[in-house]
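Heads up: the structure comes next, in structure tokens.
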Amino acid sequence: MAQLSLSELTAAAAAADDPSFTPASVPRFSGIDPLGLRQINFDLMDQVIPGLNNVARHIRPFVLVAWAWRRASQLAQSQGTKTIAADRLQDFVDRIEVIYVWSQFLRDPDADLPGRQVLANLLQAQQWSFGGSAWQQRRNIRRYSTALSAPVNYGPALKMLGWVQRHPHYPDVLMATPAAAPALDAFEKQITDRLGHPAFSKFGSVTVTADEARKWSKAWAMDGVTKAEARAMSEMLYGSKAPVCRQLAGELILASAKRASSIQVERLRSTMAGPPSAFKPPDHLLNTWEAWRRIQVRQLFRLSLEALFYWTIVNLEGKPKGTDALVDMFLNQLPSLSKQTSVRKWLAAAIPAAMGPAELIKKIEKALEAPAGSDLAPSITAAIAFCLAEPPQQVNDFERPDRLPLFRARQEAAAREKGPIREFMRHIFESWVLAQNVYWSVGRGLGDARAQGKTLLRLKVILDESGWTLAPGLSRGSPPEPTPDRLRTMISLARECGLFNGLPV
Numbered sequence: 429m430a431q432l433s434l435s436e437l438t439a440a441a442a443a444a445d446d447p448s449f450t451p452a453s454v455p456r457f458s459g460i461d462p463l464g465l466r467q468i469n470f471d472l473m474d475q476v477i478p479g480l481n482n483v484a485r486h487i488r489p490f491v492l493v494a495w496a497w498r499r500a501s502q503l504a505q506s507q508g509t510k511t512i513a514a515d516r517l518q519d520f521v522d523r524i525e526v527i528y529v530w531s532q533f534l535r536d537p538d539a540d541l542p543g544r545q546v547l548a549n550l551l552q553a554q555q556w557s558f559g560g561s562a563w564q565q566r567r568n569i570r571r572y573s574t575a576l577s578a579p580v581n582y583g584p585a586l587k588m589l590g591w592v593q594r595h596p597h598y599p600d601v602l603m604a605t606p607a608a609a610p611a612l613d614a615f616e617k618q619i620t621d622r623l624g625h626p627a628f629s630k631f632g633s634v635t636v637t638a639d640e641a642r643k644w645s646k647a648w649a650m651d652g653v654t655k656a657e658a659r660a661m662s663e664m665l666y667g668s669k670a671p672v673c674r675q676l677a678g679e680l681i682l683a684s685a686k687r688a689s690s691i692q693v694e695r696l697r698s699t700m701a702g703p704p705s706a707f708k709p710p711d712h713l714l715n716t717w718e719a720w721r722r723i724q725v726r727q728l729f730r731l732s733l734e735a736l737f738y739w740t741i742v743n744l745e746g747k748p749k750g751t752d753a754l755v756d757m758f759l760n761q762l763p764s765l766s767k768q769t770s771v772r773k774w775l776a777a778a779i780p781a782a783m784g785p786a787e788l789i790k791k792i793e794k795a796l797e798a799p800a801g802s803d804l805a806p807s808i809t810a811a812i813a814f815c816l817a818e819p820p821q822q823v824n825d826f827e828r829p830d831r832l833p834l835f836r837a838r839q840e841a842a843a844r845e846k847g848p849i850r851e852f853m854r855h856i857f858e859s860w861v862l863a864q865n866v867y868w869s870v871g872r873g874l875g876d877a878r879a880q881g882k883t884l885l886r887l888k889v890i891l892d893e894s895g896w897t898l899a900p901g902l903s904r905g906s907p908p909e910p911t912p913d914r915l916r917t918m919i920s921l922a923r924e925c926g927l928f929n930g931l932p933v
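Counting in this note's numbering, the sequence shown runs from 429 upward without gaps.
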């Protein structure tokens with residue numbers, strides 16, 4: 429049912445003679461960023477690894493999309509018309525994208541590409557017509573979600589790395605950049621056998637069979653990147669025109685990989701994150717090294733509070749509980765810290781020996797596999813204590829106080845360090861967790877309502893006369909996870925560029 433506008437609701441109320449019931453609604457819950465803490469993670473990542481996300485991990489999709497725009501432009505010019513609708517160009521690019529992804533899933537059902545579920549029926553089809561209402565519907569579904577060019581996939585990095593740029597007069601049209609040309613030429617040589625097919629040589633409706641897509645799959649497969657493509661990506665990632673911070677991040681990753689004799693993601697993350705790792709990079713990389721540790725510490729702090737929120741939801745499933753009851757339950761799961769007499773001593777005793785932020789993140793992840801068990805509360809406490817003990821850093825402009833940056837948390841902890849542990853734990857529950865959920869849930873809900881956007885219930889825990897209780901209809905859902913920090917993307921692209929030759933995968 430379509431949403432009514434405020435004026436329509438007002439008119440309906442004025443015309444009503446009697447009270448009436450509104451239609452029953454079934455809330456849709458949102459489980460993403462329940463405390464509003466994640467934006468600082470992303471902003472910190474932009475200081476070290478800008479221009480990338482956690483999806484765009486392979487060179488070939490970058491090349492494919494840039495080539496498709498170049499090919500569309502060439503076809504338009506060959507027609508000799510002065511103008512062409514931008515959507516015809518986009519339609520051609522969308523077609524090339526879908527044929528490519530289709531062919532790769534036919535070759536390998538587990539190919540690391542977006543859109544497997546959206547293309548499920550296509551994978552069963554013997555042929556597909558790229559034209560008409562069904563194709564237009566597929567285009568609309570993919571545009572902002574599973575398309576290679578979508579904002580959540582390869583779209584932002586295509587522009588920020590320099591594979592494509594916007595047309596100076598037609599913002600909906602993209603052009604391949606001169607820097608991409610050698611890679612696109614090399615790629616085109618790989619697929620000359622199909623360029624005469626209507627799918628690659630004309631606008632408008634065309635039909636492609638599954639046999640054709642399967643036949644084409646090997647020549648443009650993701651693992652068949654040419655040297656020219658690898659050189660182009662290497663230059664865009666780490667070359668002289670890349671942001672200096674990303675150049676330095678690439679050096680740091682390479683240096684840590686040589687030290688660890690591995691390009692395994694978890695091992696490199698731990699190696700790069702500082703103590704207890706013995707790895708220390710050259711002097712010109714020290715600032716990048718420290719910035720990387722800040723990302724991991726913030727990641728740990730965010731995950732620890734979301735894990736505490738999840739612990740709260742699990743422990744409210746039976747019946748409502750007041751803050752005091754939640755605090756007592758949590759502290760009772762920390763017997764090894766029960767003898768400490770002040771917050772300062774309690775936090776100091778909670779910091780684990782020989783563990784850094786990466787190891788503590790893994791510890792929380794492991795404990796979340798059994799959230800009702802005895803390991804989650806100690807792992808959360810260790811993480812919070814570790815983060816509060818880290819040396820304070822300069823506050824960044826983007827670290828808004830309402831996103832609970834660590835400098836604010838440290839100030840509030842310092843103001844309570846001589847007080848009773850129970851009161852500090854109460855502050856963590858009420859201010860850092862429950863109030864954060866209320867603040868961000870209400871704020872986002874109002875923003876959505878004003879924009880007539882999503883209708884999601886983000887508020888998960890509410891206060892009634894019996895204490896804190898779960899929102900009606902809420903299930904605990906999936907446990908929180910670390911926000912991917914783009915390291916996997918950097919390692920994957922660098923490996924395909926040949927920068928890790930000689931190191932074991």
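Glycine included, every Cβ here is placed at the ideal spot set by N, Cα and C.
Cβ-based neighbour list, F758, same chain, cut-off 7 Å, excluding 5 preceding and 5 following | A805, M853
Which of helix, strand or coil DSSP assigns to G678 = helix
Taking C-beta to C-beta, are I849 and Q768 nearer than 8 Å?
-> yes
Supposed contact pair S732 and A842 - C-beta distance, whole angstroms, cut 8 Å | That pair is no contact at about 18 Å.
Would G374 pass as a contact of P799 if the rule is Cβ separation under 8 Å?
-> The shown model of the chain, from 429 to 933, leaves out residue 374, and the question about it has no answer.
Using beta-carbon positions only, say whether A604 and W591 come within less than 8 Å of one another.
-> yes
Among L602, P606, A782, the one whose alpha carbon lies nearest that of A660 | The residue among L602, P606, A782 with its C-alpha nearest the C-alpha of A660 is P606.
Output yes or no for whether 8 Å exceeds the beta carbon distance between A514 and V601.
-> yes
Classify V601 as helix, strand or coil using the three-state DSSP reduction.
-> coil
Residue range of the beta strand (DSSP E) that includes R886 | Per DSSP, R886 belongs to no beta strand (DSSP E) and is neither H nor E.
Given a threshold of 16 other Cβ atoms within 10 Å of its Cβ, counted over all protein chains shown, does M429 qualify as buried or as exposed?
-> Confidence at M429 is low in this model, with a pLDDT of 44, below 50, so its placement is unreliable and no value can be given for it.
Do you know how far the Cα of R642 is from the Cα of A500?
-> 23 Å
On the premise that A786 lies in contact with S698, defined as a C-beta separation below 8 Å, what is that separation, rounded to the nearest angstrom?
-> 4 Å
Can you name the start and end residues of the alpha helix (DSSP H) that L472 belongs to?
-> 466 to 474
Expressed to the nearest angstrom, what Euclidean distance is found between the alpha-carbon atoms of K773 and S859?
-> 22 Å
Considering only residues of the same chain and omitting the five flanking positions on each side of R687, which have a CB-CB separation below 7 Å?
-> T699, F707
Could you give the DSSP three-state label for T809: helix, strand or coil?
-> The answer is helix: DSSP assigns T809 an H, G or I state.
CA-to-CA distance, D474 to Q502, given in whole angstroms | 35 Å
Exposure label - K888; buried when at least 16 CB within 10 Å = So K888 counts as buried.
Contacts around E924, its chain only, beta-carbon distance under 6 Å, and the 5 residues preceding and following it disregarded | I487, V653
Who are the Cβ neighbours of L676 in its own chain at under 7 Å, not counting the five residues just before and after it?
-> Closer than 7 Å at the Cβ level, and outside the excluded window around L676, lie L713, T716.
Where do the N-terminal and C-terminal ends of the alpha helix (DSSP H) with G560 fall, by residue?
-> 560 to 570
Can you list, in chain order, the stretches of the alpha helix (DSSP H) that have 4 or more residues and sit fully within the segment 730 to 782?
-> 751 to 760, 771 to 778
Does the beta-carbon of R914 have 16 or more other beta-carbons within 10 angstroms, so that it is buried, or is it exposed?
-> buried
Reduced DSSP secondary structure (H/G/I, E/B, other) of R916 | helix
Between P704 and A782, is the Cβ-Cβ spacing less than 8 Å?
-> yes
Identify whether M429 lies in helix, strand or coil by the three-state DSSP scheme.
-> Low per-residue confidence applies at M429: pLDDT is 44, beneath 50, and the placement is therefore not dependable, though the value from the model is reported in the following sentence. Three-state result, M429: coil.
Please classify G652: does DSSP put it in a helix, a strand, or coil?
-> helix
Distance between beta carbons of N469 and Q727, contact taken as under 8 Å | Contact holds; Cβ gap of about 6 Å.
Counting Cβ pairs, one atom from each stretch, are 3 or more of them under 8 Å apart for the segment 521 to 530 and the segment 548 to 563?
-> yes
Coil, strand or helix - T509 by DSSP | coil
For W648, the nearest candidate out of S668, Q618, R544, Y666 (CA to CA) | Of the listed residues, the one whose Cα sits closest to W648 is Q618.
Which residue comes first and which comes last in the alpha helix (DSSP H) that contains W644?
-> 638 to 644
Pick from R916, P462, T637: whose alpha carbon is nearest that of L696?
-> That would be R916, whose Cα lies nearest to the Cα of L696.
In terms of alpha-carbon separation, which member of V580, G678, F857, R535 lies closest to E640?
-> The shortest Cα separation from E640 among V580, G678, F857, R535 belongs to R535.
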